[in-house]
Amino acid sequence: MKITRQKHAKKHMGFYKHNFGFREPFQVLLDGTFCQAALRNKIQIREQLPGYLAGATQLCTTRCVLKELESLGKELYGAKLIAQRCQVRHCSHFKEPVSGSACLLSMVEGSNPHHYFIATQDQVLGTKVKKRAGIPLLFIIQNTMVLDKPSAKSLAAAQVMQTSQLIPEHQKLSIVQLKEQQGLEKASESRKRKRKRAGGPNPLSCLKKKKKTQETPQPSAAKKRNRKRSKRKLGTPADAGQSG
């Protein structure tokens, strides 16, 4: 059972890493119900969770979760001690604290930009988490921590990204920037412009043809003048002999 559980966890982690960019250290948001279940089942979260997720982890919580545990009294004192050992992430409810479940949902708003895991035993919270894409869900069953399989929402989002966005937007922008830095983009544009200019008739070639046609009669006129001058020179000695 332990081997199959780890295989499933490895498969699910590969899905979140590949499709939603999860990287170590994995940030896990804990609520009071998860801390209480770990205490009852004698689970050492800090020691066991990195081995289960096959990577370094950071246990986190919020001020609202701590306030909620304090308000519940001595029954959840042990759970409060576990939560107090976690890193406190800043939420937007500093002045007016809300319930732990509402606070954790606000931490993963949008597309879960900080790549949080949600660790809870609250079924209502778990159902709301599954309606959002890219949020791994952890819970405790039979003295063991379990990473839930990707929800239908996460699977659909991953399929859309694989079909319509084969290249991420940030990589497209980086490719364009590299082209501009190396001058490849400008060179391609100049090549296109040169091809357009070469397509039309060259006006200079037409002007050269006209100049040739205008210059051709000039040498013929010069030859006629030379011939006339030569005839006059030939005729002068004959006239001089007759006169003598």
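Each residue of the sequence shown is one higher than the one before, starting from 25 at the first, in my numbering.
C-beta atoms are modelled at their ideal positions from N, C-alpha and C, and glycine is treated no differently.
Note that this is a predicted model, so its numbers are computed, not measured.
With DSSP collapsed to three states, give me the class of F50. strand
Return the chain-ordered list of same chain residues with a C-beta closer than 8 Å to the C-beta of A296, the five sequence neighbours on each side being excluded. Residue coverage of the chain in this structure runs from 25 to 268, which leaves residue 296 outside it and unanswerable.
Is G124 closer than 8 Å to V153 when the C-beta atoms are compared? no
Take I27 as the anchor and find which of I142, G45, V170, C127 has the nearest alpha-carbon. V170
Inter-residue CB distance, Q60 and L100 (contact presumed, cutoff 8 Å): 6 Å
Note down, in chain order, each residue of its chain lying with its Cβ closer than 8 Å to the Cβ of G56, except the 5 sequence neighbours on either side. V89, E92, L93, L96, L100, A103, K104, A107, G124
Residue from M185, E204, Q201, L202 whose Cα sits closest to the Cα of H42: M185
Thinking C-beta only, is N136 closer than 8 Å to G158? yes
C-alpha gap between T85 and A78, whole angstroms: 21 Å
State the Cα-Cα distance for the pair A181 and C115, rounded to the nearest angstrom. 26 Å
Could you check which residue in F163, L83, L129 has the C-alpha nearest to that of Q111? L83
Can you name the start and end residues of the beta strand (DSSP E) that A143 belongs to? 140 to 143
Which residue from R64, N167, D172, G134 puts its Cα closest to that of Q147? D172
Just tell me which of H36, Y40, L63 has its CA closest to the CA of N167. L63
Could you tell me whether the Cβ atoms of H139 and C127 are closer together than 8 Å? no
Per DSSP, what kind of secondary structure is Q111 in: helix, strand or coil? strand
Using beta-carbon positions only, say whether P174 and H36 come within less than 8 Å of one another. yes
Cα separation between G38 and R156? 18 Å
Buried or exposed (CB count within 10 angstroms, at least 16 for buried), A143: buried
If you check the beta carbons only, do K163 and Q145 fall under 8 Å apart? It is worth fixing the name first, because residue 163 is Phe in this sequence and not Lys. Yes. Within cutoff.
Outcome for I165 when other beta-carbon atoms lying within 10 angstroms are tallied against a minimum of 16: exposed
Nearest-angstrom Cα distance between N65 and L53? 19 Å
For I106, name the three-state secondary structure that DSSP assigns. helix
Start-to-end residues for the alpha helix (DSSP H) that takes in F58: 56 to 64
Residue environment, L202, which counts as buried when at least 16 other CB atoms sit within 10 Å: exposed
Please identify the residue among K98, Q30, F44, Y40 whose C-alpha is closest to the C-alpha of Q72. Q30
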